[in-house]
Structure formats: structure tokens, C-alpha cells
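2 protein chains.
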Amino acid sequence: MLGPNTELNRLVLDKNGTRYHQIARAIRQAVLDGRIGAESRLPSASALAAELAVSRPCVQRAYRLLCAEGFAVARPRSGTRVTQVMPPGDISAKPRSGATSRYAARLQSLPLITPIGAPASARPTFDLLYGEPLVHAETFHSWRRNLSSAALRAGTAYPPTGGYLPLRRAIANYLSRRRGLSCDASDILVVGGTQQALTLVERVLLNSGDRVVVEDPRYPLATHSLLAHGAKVTSCRIDQEGLVVSELPRARIRLTFVTPSHQFPSGVVMTLGRRLQLLQWATRTGSWILEDDYDTEFHSGDKPLPTLRTLDLAGRVIYVGSFSKTLFPSLRLGYIVCPKAIRDDLFRAKLLDDLGSATTEQAALGAFINSGRYERHLRKSLKEIASRRRAIVKGLQGLEGRHIEIGPYQAGMHFVIWFLGLGFDRLDAFIKRAKSLGLGLHPIHPYYRFPPSRPGLLIGYAGLTVGQLRTAVQLFGRCLESQAR
Amino acid sequence: MLGPNTELNRLVLDKNGTRYHQIARAIRQAVLDGRIGAESRLPSASALAAELAVSRPCVQRAYRLLCAEGFAVARPRSGTRVTQVMPPGDISAKPRSGATSRYAARLQSLPLITPIGAPASARPTFDLLYGEPLVHAETFHSWRRNLSSAALRAGTAYPPTGGYLPLRRAIANYLSRRRGLSCDASDILVVGGTQQALTLVERVLLNSGDRVVVEDPRYPLATHSLLAHGAKVTSCRIDQEGLVVSELPRARIRLTFVTPSHQFPSGVVMTLGRRLQLLQWATRTGSWILEDDYDTEFHSGDKPLPTLRTLDLAGRVIYVGSFSKTLFPSLRLGYIVCPKAIRDDLFRAKLLDDLGSATTEQAALGAFINSGRYERHLRKSLKEIASRRRAIVKGLQGLEGRHIEIGPYQAGMHFVIWFLGLGFDRLDAFIKRAKSLGLGLHPIHPYYRFPPSRPGLLIGYAGLTVGQLRTAVQLFGRCLESQAR
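So the sequences go chain by chain: A and B. So in our numbering, spot 292 of the first sequence is number 292, and the numbers just go up one at a time. Quick note: to get our numbering, add 1000 to the position in the second sequence (first position is 1).
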């Protein structure tokens, strides 16, 4: 028995952290919720130690902590007593449930989303998952070995809000030199990837209820971000020339989110004519344009179409680039080429969002670009991606006409294939059968607001080698055969 | 003379990027804004080259680019002609000025803000600036040398939204073990510092117009973030026991932002009684509490008061910690100990904000904590900060009573001093005089919503050595003497 305070007989330790913290916490909670009254005497350290099967010094340490905090006082000869800490009143009422914001309510209404290419628990051996970029072991090792000296250059102070200046200069220089995009370092805002770029643009341009256009099919995390922000999202169809500008709404639109250089996920490259039409439409309706140029470095065509940003005479195009696809996704770095009119607002929004991105990786990236290693890496990647593309496309072309139709595949790291003889009713079984053979397939229809009439697959091929891709095609062929039978 | 198209006489190159991009851009713009009509013949490459004083191959390359883009066609014997690319219509109208969101309008109304401790251009030698943490060269070098292996562990895939699991475990373990804070890895959300923690909490809990309480004096970037978000911000006074809970509003409050373990910037430690009163008040008004524990590791007192999170029985305290002050600010990492009720919302908000924080530095930090180096670093820092604190406090105490009064200085890396004989009218001159001697002083009144009756200074001492601090005190004494005369 523990003596005067029988409540302590029921002390339950929560096994979290050190034993003495557990004891102190259990007593504290009993005081706070009124189970142990003010002025109660705590049992002797040896009695409680015996009760809880811990050492006496452990209980003594807990008592010392409670005394230091003001929960108890130890007096010679009269033991340790609980103080009158609690003014009358209850502190245990739960906060009103559901007492969250309209933003949170919208978040809750969205389907559960995971980033594209996020590691799943059990992935098939030959997974044609988009988002898995091509990573050169050599590049990655050279990258990581340079982090230490980058940290030295980056220093320990708070980062500059707009980004580490040598990186901003390197990006501006790269864009001017390689992409013909006229900008300078002061226009560049370094952000934590495309997702944060969109977040900042939403804040600066969109009130809740403002109308926004996205492509259909579309990039789910961008659409979800817009919906969660409270925008009214309208979809516009893609055909073989890109966004069908003639079907865009005539009402006032605040922002249009497009991926002209390689539409995600359809793979279509927007023609020059459509680009110009889109700019004209935007001029008429007053819309800003967010141009998400997520993987333009990996175009193999000989038609390097000018970006919307290059064609834009009015300063209404917000050009966003990222290093997630060209280097690796764990590096959370991207940039906005800011239109002058909203540059200061975007910088301030970044300041209030997270002060600025971490400096070390920015310094490493700046040096990587300036030393020419980035462009060497891109050339190598482009070559390797082209041979992977050839391998899978050539393999699939053997199946074309009879079973499938292949969408545009000239650019980027993915394309779409459409089933000719398979209905939506048999799609799940088909994918399941493929998985049992070690082949990962991913349907395209979840990317659509208005799903297509036939099922199709989003084929990401950058993460598999030529040999693996050949095996993947064989497995795919086998699935097609067995389902045709 | 250039022949048919005199418009090309007025081609102005913008000096941005390569010469051929400049030429192509200038022609493209002239086509887009109608200065060069469709079907116009471009001058021969040699003529334009002579006119622009560039090489002929350079002009030829620009023409090839324009042809590839579809802006021009080259026909044998008839030269290069502009195509009919532009449908009729104008694309040069500027977007409506001021066409930004209410958020941007609020941003614009805030004073220009820079992060605390951000590097100024010309800093005095002895700058008593808050925010400059103590950085051990040894710790920093050991940190940066471990980045390479951390990158290997972190890998190249997209980061997990909630944070790198070994780091989340390390933080939960550290908090349980060292701070007696009961939580596990699944409660921890890794974020890009306190600023992002606040951003996410605002989104999840606050609608525009919702009422929020902050302390007075207060941390400006937090208040600005709340104001920009659209919250109605009320200030509550601090006395020597911390937040004056009895003066808190009785109306419904959604969120209260407090720094109980070391009030920023006054330096006051909130008493146990006030902590409990605050929780009671929060229960009555339905307020959530954001507990910003930004520098609690550097308390030297023997009164380790329990955090509000520890005392909270209702799950209404959102505990936020950061590594900016304990390691270095360039590392943009902090964490939220999420209350269960809003955990999923906070995770989703993080996903939509930036997908997740970069993994490499998370992996480095996790290893740093798990290996015991973090706590060794803290012990060393605590000792060094204590000796710096003693040096400056002892020096200033020699001036106390006559010229100044020293505020609470037992915790953290800063304190406040108040002038006894100096009015606000002479403060600027005093600070200017100090600067001319190489001493950086920073007034406290800008941190107040309702400025105090006397001028005071916010003294940050962690960034200067004991020797430098002694010199700083001497210089300060000299300024006081000369102004008393």
C-alpha cells in the first residue's frame, strides 16, 4: 500500500521516454485532471518505487522534477506534497471537433493523394511508373561528394528569400543561353519545387472562388492544390495540337495552368499556332498563365518550340521549372521566372511561407550548373532516355494496330497507350494479371476530369534500363495475348 | 541597306544569352507585335550580319531556329520568309495592374520585412543582433562532412510528406527522453522551419477574418504571416510572469500564438500558474494554442517548466520546434508535434505546399541526433552561451541603475535592456553614434504593437565571443557617457 494517496495506486506509466519522466508525467496528469488534490502528500520514494517496480532514485528524480516545475514542494520531515497549482476550472475539454478551416474542409473532400512516383510499399520488378526519373549513379555520387564544400560556401546564416544568388544567376544564364528565354537573376525566385511555385502563385493571384483553367487530362496535385485553395477549376480538352483553345471559356479567368512543352500526362506538344492563340485568348480574358515546363530538357525532337514565356509580350506568363525530373526528386528545388508585375508579391509570399529554401543544396546546384556538369548530365541523360524510349516504343509498335494505339512519345519520359480491344470492365483484371507477372501498369483515366471512351495506360520508362524495358514489353505482350484468348 | 524589310534596320538586340538567340528573339518580337508582316522576306544572312556586325553563321543559325519554330520558312532561291503565324488579334496588352489577390493586397500593406538575423550589407564589427546563433566551427564541419553519406541514405526518390522516418523517430525520441514530452514518430511532421509550421497551421485552422491572439511584444514574421493570411490579430500584454491571461479577450478566439519557454523578444519565462491559466482560458474560448519553442534548449535556469504541450489534456496545443537556433539557420528544418485531431489535415497541407522537405539534410540531422552528437553539441553550446551571457550581463550590470535597466536574461540567446535617461527623441542619434564606433544596436520598440514608454534595446549576444562582448560593453558605456554629458 502506498499510504495516504490511493490515487497513486492507479498510476499508469505510458512507456514514453525515460522512466522518471513517465512517473512525473503520470503524477502531473493526475494533479491536472483533479484525481490528486492540492496539498495531498505523495508517497515516500521507496514506497512508490516498490509499487512501480522501479528504483528509488528514479522516483526521487521524478519528485525533484515536479518540485522544480512547481507541482510539488518537498519539506524536511513532512515529505513531498502537491502544491495548489490549479486555479479552479477544467482544461480537459476537447477542442470542438471539425473546428478546422474551409481550406481543411476542401482538403478533406479531395481523394487521398500521394505524389507521383512516390515509393509504394510492394512494387513490381518491372514498374512502368511515371515519375521515376533516370538517375545516373555517377552524377549522383559526384553530386553528393560536392555537398560538403557547398555547405561551406552556403554558410550558416538565414537563406536569402529569393534564393542563393549564384544559383539564381546560374539559372538565368542557363535559360538565356540554352532556351533563348530572356531573363536575369533578379527575375528568378528559387522555390521548393513546382508544387511550392503553384502555392505561391495561387496566394498572390487567386481569391477563393476565382476561376482557373487546367488541361484535361491534368496533373492531379496541381489541380488538388487549386481546388484546396478554393479556386473554381474548369477543364479544357487536349487534342493532338495541345489545348483546344477554341473551347476555352469566355468568362473572366484568373489563371490558366498549362504544360505546353510536353502536356502532362497526354504527352502532346502544343503547336506554335495554339500557343499564340492561347496568348491571345489570355489577353482577351485577362488570364495569367502558369507555364509548367517540368521536363522540357528531355525533348528529342528537332522542333524546339519557343516557350509561352518567350512569346509573351505582355508579362502575363509565369514560367516554372524544376530539377526534380532532370536531377532527382529528393532534391526539392525549382524556380519561378517572375513577371515583373508580381515579382515582389511572389518574393514576399515565399518569405512568409518558409523564409527561403535551404542554402546548401542551392549552393551545390549552382556550382553543378556553372561547372558545366549539369549540361553534360543532361546530354548523357537525353541520350540514355532516347535509347530507352526507342526500346519500349519499338517493342510496343510490334503490338500496335492489333491491341493498342500509341500516343505521342517524342518528348519527355512518358507517353500514353490506348487499348483497342479491352473495355473498362476488364481493365482492373488486366492490371492485376500484369502485376502477378511482375509488371507494373498504371491506368490513365484517373488523370481525366472527363474520362476517355477507351482505357489507356500512362507509361513511364525513364526508371528502367533498355533490357528491363524489353522484358516489360514481353510481359505486356503476354498479358495481351492471354486476354485476347 | 537591308533590302525589302526596313523594319529590320531597327532590330535591337537585348544582350541576353547567345547572339543567335538575341537575333531570333528580336525578329520574333517584331513579327508578334506586327512590325514585320506575314510573308515578308527576311534580308540575306550576309546583309543582316553586316548590319548587326555579327558573323554570317550566327544569323544563319538564328534563321534556322525561326524556321524550326515555324516562324519562318526557307525556300531555295527565294530566301527566308516570315510565315502567317499570327492569327489576327493583339497579345501585347498588359495584364490588369493590381490584379492580385486579397492576400497580395494584405502583403503589400505590411511593412517591408526581412528575416531576423538576415545578413545586412554593412554590419558593424560588434553587432548585438538577435538571430545570429552560436555556431561551433567543429560541429559545422562535422555536419557538412556527413552530408555525402546522408545523401546516399536519403536516396533520390520523392521525400515522404511527413518527413524522413528516421528523423521523425529521432525527434520523437529526443523530445520524450530529454523534454518529457510524450509523443511518437507518427505525431511528428517535419517542416521547413517555424515559418512553414505556422503557414500550415493557419491554413488548417483559420478562415479569413478569424480572430487570433499574439503576445505584445511579438515575433514580427509570425504576426505578418497571420495578418497576410487574413486573420484578425489581437495583442496581449506580457508582464514579468508572461502573458497576462486575465487581459485576454473573452470573445471566441481560434488560435493563440505564444512563446512560453522564452517569450520573444522580451525574454520572460511564463510561470506555471500562467501556463495553466492560459490552458483554462483556451478551453473556455475554444482556442487552439501554437507553442513556439524556438530556443528552449538554451535555458540555463534550474526551473525546467513543463511545456504547454505537456500540460495539455485536451489535445489543443500545437507544439513547434526548430533547428535554426540550436544548429544553424541555413538549415531550414523544424517540426510540428501534431495534435491527433488535425494531424491528417496538417500532413495534407504540407503535401500541397511543397510535397515534402528535401531528404538529404533530414537524413543528416537524423543521424546527428541518433549518434548523440546533437546533444553533445547542445551541452557545449549551452556552456559557451552561458559564459557569453555572463560576460555581457556582468559588463552591463556595471552600468545598471544609472543608465539602464536589464530585463530577464536567464534563458535563450537574447535579452532586453531599457534606457533610464534617454528619450525616444535621442534614440536614433544614440544608435548612429554607436554604429560609428563599430557597435550594432537594435531598438526593441518596433516589436511592440503598443510601444513601451521608454526606449530599449534587443540584445543578441550568441554571435559574439566573450572578448568581443567585453569590447561591445565598453563601446556601449562610452556612448552612454557621451550622451549623458
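Think of the CB as a built atom: it goes at the ideal place given N, C-alpha and C, for glycine as much as any other residue.
- Put simply, the backbone Cα of ALA1150 of chain B is about 23 Å away from that of ASP354 of chain A.
- For the pair SER208 of chain A and ASN1173 of chain B, the Cα-to-Cα distance works out to about 40 Å.
- Judged by beta-carbon spacing, VAL1054 of chain B lies within the 7 Å limit of ARG1019 of chain B, meaning their Cβ atoms are closer than that value.
- PHE450 of chain A carries a coil assignment under DSSP once its states are collapsed to helix, strand and coil.
- Chain B places no beta carbon closer than 7 Å to that of ARG19 of chain A, leaving this residue out of the contacts.
- For the pair TYR103 of chain A and ARG1203 of chain B, the Cα-to-Cα distance works out to about 6 Å.
- For GLY460 of chain A, there is no enclosing alpha helix (DSSP H); the residue is found in the beta strand (DSSP E) stretching over 456 to 460.
- Using beta-carbon distances, GLY209 of chain A does not count as an interface residue toward chain B, since no partner is under 7 Å.
- Ranked by how close their Cα comes to the Cα of GLU1215 of chain B, the residues B:LEU1226, B:THR1259, B:ARG1179 have B:THR1259 in first place.
- Counting C-beta pairs closer than 8 Å gives fewer than three between the segment 1126 to 1138 of chain B and the segment 327 to 347 of chain A, which falls short of the contact rule.
- LEU175 of chain A and ARG1075 of chain B have their C-alpha atoms spaced approximately 31 Å apart.
- Distance from CYS479 of chain A to PHE430 of chain A at the Cβ level is roughly 6 Å; contact confirmed, criterion being Cβ atoms closer than 8 Å.
- Runs of the alpha helix (DSSP H) lying entirely within the segment 112 to 165 of chain A, each at least 4 residues long, are 137 to 145, 147 to 154 in chain order.
- With a contact defined as Cβ atoms closer than 8 Å, GLY242 of chain A and ARG274 of chain A qualify at about 5 Å.
- Residues of chain B whose Cβ lies closer than 8 Å to the Cβ of ASN16 of chain A are, in chain order, SER1176, SER1182, CYS1183, ASP1184.
- Within the segment 1153 to 1173 of chain B, contact with chain A at the beta-carbon level (separation under 7 Å) is assigned to ALA1154, GLY1155, THR1156, ALA1157, TYR1158, PRO1159.
- Under the DSSP assignment, ILE1036 of chain B falls outside any alpha helix (DSSP H); it carries neither an H nor an E label.
- Among the CB atoms of chain B, one or more fall inside 7 Å of the CB of LEU313 of chain A.
- In the DSSP assignment, ASP1216 of chain B forms a beta bridge with B:ARG1237.
- Across the set B:LEU1221, B:ALA1228, B:ASP1033, the C-alpha of B:ALA1228 shows the shortest separation from the C-alpha of ARG1106 of chain B.
- Rounded to whole angstroms, the Cβ separation of PRO1455 of chain B and LEU1427 of chain B is 5 Å, and the two are in contact under 8 Å.
- Leaving aside the five residues that flank PRO159 of chain A on each side, the residues in its chain whose CB is nearer than 8 Å to its CB run, in chain order, LEU355, GLY356, SER357, ALA358, THR359, GLN362.
- The straight-line gap separating the alpha-carbon atoms of ALA391 of chain A and ARG470 of chain A is approximately 7 Å.
- Taking all protein chains in view, the Cβ of GLN1022 of chain B is crowded by 16 or more other Cβ atoms within 10 Å, so the residue is classified as buried.
- Per DSSP, reduced to three states, the secondary structure at PRO1443 of chain B is strand.
- Under a criterion of Cβ atoms nearer than 8 Å, no residue of chain A is adjacent to ASP1187 of chain B; the nearest Cβ is some 11 Å distant.
- Judged by beta-carbon spacing, LEU13 of chain A lies within the 7 Å limit of ALA26 of chain A, meaning their Cβ atoms are closer than that value.
- Per DSSP, GLU1291 of chain B is one residue of the beta strand (DSSP E) stretching across 1288 to 1292.
- Within 9 Å of the CB of ASP1239 of chain B, no CB atom of chain A is found; the nearest one sits about 17 Å away.
- ILE1253 of chain B sits in coil when the DSSP states are folded into three classes, being neither helix nor strand.
- For PHE1368 of chain B, the enclosing alpha helix (DSSP H) starts and ends at 1359 to 1370.
- Listed in chain order, the non-local C-beta contacts of LEU1042 of chain B below 6 Å within the same chain comprise THR1080, local neighbours out to five positions each way being set aside.
- By a beta-carbon distance limit of 8 Å, ILE289 of chain A contacts LEU308 of chain A. Their separation comes to about 6 Å.
- With 16 or more other Cβ atoms from the protein chains shown falling within 10 Å of its own Cβ, PRO329 of chain A counts as buried.
- Around the beta-carbon of ALA1197 of chain B, 16 or more other beta-carbon atoms lie within 10 Å, marking it buried.
- Bounds of any alpha helix (DSSP H) do not take in THR83 of chain A, whose DSSP letter is neither H nor E.
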